[in-house]
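J.:
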Amino acid sequence: MKNNLFAIKILSTVLMIGAMGLEIWNIYAITHQLQIPSNIKPIFWIERVAVAAHLFEAIIAAFKAGSKDKIWYKYGIYTFFVGTVGLMELFQEEKN
88 MKNNLFAIKI LSTVLMIGAM GLEIWNIYAI THQLQIPSNI KPIFWIERVA VAAHLFEAII
148 AAFKAGSKDK IWYKYGIYTF FVGTVGLMEL FQEEKN
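In case it helps, the numbering used here puts the sequence shown at residues 88 to 183.
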């Protein structure tokens, strides 16, 4: 189970960095009036939903970590990149 979670963490981090890179490229293209291929536009919407979901999870993790006397920004950033796995780890600490 831990190997699967490790793989999910790595994949999620890589995908989130890729999503941020895509969004930066999109902003660059808009500001420099470059044409983006229309077949890539659905990927931008998927990327934005994923970033928004991870941001929401990061906010939850930051508030929860702060209430547990943990470093809130550390858990927030970590959960932003790894997603739900970070929240699961934070809530499992509460059970133990």
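Built from N, CA and C at the ideal position, the CB exists for glycine as well.
1. Taking its Cβ as the centre, do 16 or more other Cβ atoms sit within 10 Å of T166, making it buried, or is it exposed?
2. In angstroms, rounded to a whole number, what distance separates the CA positions of V138 and A106?
3. On the criterion of 16 or more Cβ atoms from any shown chain inside 10 Å, does K151 qualify as buried, or is it exposed?
4. Could you tell me the boundaries of the alpha helix (DSSP H) in which G153 lies?
5. Which stretch, first to last residue, makes up the alpha helix (DSSP H) that contains K89?
6. Looking only at its own chain, which residues have a Cβ that is under 6 Å from the Cβ of S99, when we skip the five neighbours before and after it?
7. Let me know if A94 comes out buried or exposed under the rule of 16 or more other beta-carbons within 10 Å of its beta-carbon.
8. Just mark G173 as buried or exposed, buried being the case when its beta carbon has 16 or more other beta carbons within 10 Å.
9. Just the C-alpha distance for D156 and E180, rounded to the nearest angstrom, thanks.
T.: This is what the structure gives:
1. By the C-beta density criterion, T166 is buried, having at least 16 other C-beta atoms within 10 angstroms.
2. Distance from the CA of V138 to the CA of A106, rounded to the nearest whole angstrom, comes to 7 Å.
3. Sixteen is the threshold: when 16 or more other Cβ atoms of the shown chains lie within 10 Å of the Cβ of K151, as they do, the residue is buried.
4. For G153, the enclosing alpha helix (DSSP H) starts and ends at 128-154.
5. That run of the alpha helix (DSSP H) goes 89-118.
6. For S99, where only same-chain residues beyond five positions count, the Cβ hits under 6 Å are V169, G170.
7. Exposed.
8. Result: buried.
9. Cα-Cα distance, rounded: 12 Å.
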